[in-house]
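Undergrad:
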Amino acid sequence: MTPVILGIAGTRLAADERAMLRAHAPRGVILFGRNIVDPGQLAALTAELRAALPAGAVLMVDQEGGRVARLRPPHWPALPAAGTLRDADSALAHGRALGAMVKAAGFDVAAAPVLDLRLPGTTEAIGDRALSDDPLVVARLGARIASGIMAEGVTPVMKHLPGHGRARVDSHYSLPRVSEADLRADLIPFVANFALPWAMTAHIVYDAFDPDLPATLSKTVIGRVIRGMIGFHGTLLSDDLAMAALTGTPAARAVAALAAGCDIALYCAGDMAGNLAVLDAVGAGA
């Protein structure tokens with residue numbers, strides 16, 4: 203399979219998208235609110251995707267609870283933001299509810315839990331998506347959320363390694379730079395959960411680790427920090443390569459992320475030109 207998970211444009215699989223999936227055999231597809239109307243429509247779409255994708259490919263959804271929810275009322279229950287969870291029991295229940303909902307909707311992978319710290323003076327792009335400002339609390343409750351998700355047969359994705367909590371700007375729109383020298387606290391939740399199966403990088407420059415490249419594109423951050431200091435050896439996804447924190451073409455971003463050590467390039471925009479460019483570039487380099 204081509205090591206790419208990509209988005210699609212709409213609520214049905216277009217003929218050119220079907221042909222693309224069959225020709226390029228990507229690792230999976232991620233769905234967003236633009237792709238989801240109600241359970242009947244979603245079931246038809248996931249069936250179309252399963253038929254077009256290779257065996258073993260995944261269907262992924264960015265579903266955390268709170269404001270990050272693609273499965274929404276009135277057709278799906280609203281789950282609270284992670285930042286409202288206060289103890290291990292509520293975190294486990296949250297993970298199980300999230301996992302059960304995602305599984306019933308036809309997905310294999312959920313982009314949760316967030317293991318970033320919630321710190322003052324930083325971007326609200328994280329905000330109440332984070333469990334706490336205490337790294338030990340984040341580690342403990344994040345582990346319970348992940349355990350609940352896995353108990354329902356869904357793969358969790360911890361994010362955003364090696365920590366998004368100190369970013370002062372939103373990486374969807376610009377490139378954050380973290381200048382603090384001591385980031386040991388930020389790593390604690392990820393170190394505690396190093397054995398989880400999947401994780402996602404951050405589009406952030408960390409002066410303490412690599413002052414030149416964002417983590418997603420940095421061999422140093424991925425090799426020395428994520429694989430080394432954190433000890434994560436599972437499947438590493440880039441964050442969405444369509445985000446404005448990064449520069450260059452979608453194809454160049456995908457090639458650079460994989461060359462840096464990501465296992466899967468995640469490109470979520472859903473545009474045919476970008477999808478094909480990423481698949482062609484990554485396939486040619488495979």
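Residue 258 in our numbering sits at position 56 of the sequence shown, with consecutive numbering throughout. C-beta atoms are modelled at their ideal positions from N, C-alpha and C, and glycine is treated no differently.
Run through DSSP, which three-state label would Met262 get?
TA: Strand at Met262.
Undergrad: For Tyr408, which residues of its own chain have a beta-carbon under 6 Å away from its beta-carbon, when the five flanking residues on both sides are left out?
TA: Answer for Tyr408: Val380, listed in chain order.
Undergrad: Considering only residues of the same chain and omitting the five flanking positions on each side of Gly297, which have a CB-CB separation below 7 Å?
TA: Excluding positions up to five away in sequence, the list reads Arg346, Ile347, Ala348, Ser349, Gly350 and Ile351.
Undergrad: Just checking my contact of Leu300 with Gly267 at CB under 8 Å: how many whole Å lie between their CB atoms?
TA: Right, the Cβ-Cβ distance comes to about 6 Å (below 8 Å), so this counts as a contact.
Undergrad: In this structure, how does DSSP classify Ala312 when only helix, strand and coil are distinguished?
TA: Three-state result, Ala312: strand.
Undergrad: For His362, count the other beta carbons within 10 Å of its own beta carbon; 16 or more makes it buried, fewer makes it exposed. Which is it?
TA: Classification for His362: buried.
Undergrad: Could you pull the start and end residues of the beta strand (DSSP E) that Leu468 belongs to?
TA: Residues Ala467 to Tyr469.
Undergrad: For His405, tell me which candidate among Gly212, Pro413, Leu419 and Phe396 has the shortest Cα-Cα distance.
TA: Looking at the Cα atoms, Leu419 is the closest of the given residues.
Undergrad: What is the DSSP secondary structure of Gly230, counted as helix, strand or coil?
TA: Gly230: strand per DSSP, three-state reduction.
Undergrad: Starting from the Cα of Arg426, find the closest Cα among Ser440, Phe411, Trp400 and Thr437 and give me that residue.
TA: Considering only alpha carbons, the answer is Phe411.
Undergrad: List the endpoints of the continuous alpha helix (DSSP H) containing His296.
TA: Here the alpha helix (DSSP H) through His296 covers Ala290 to Ala306.
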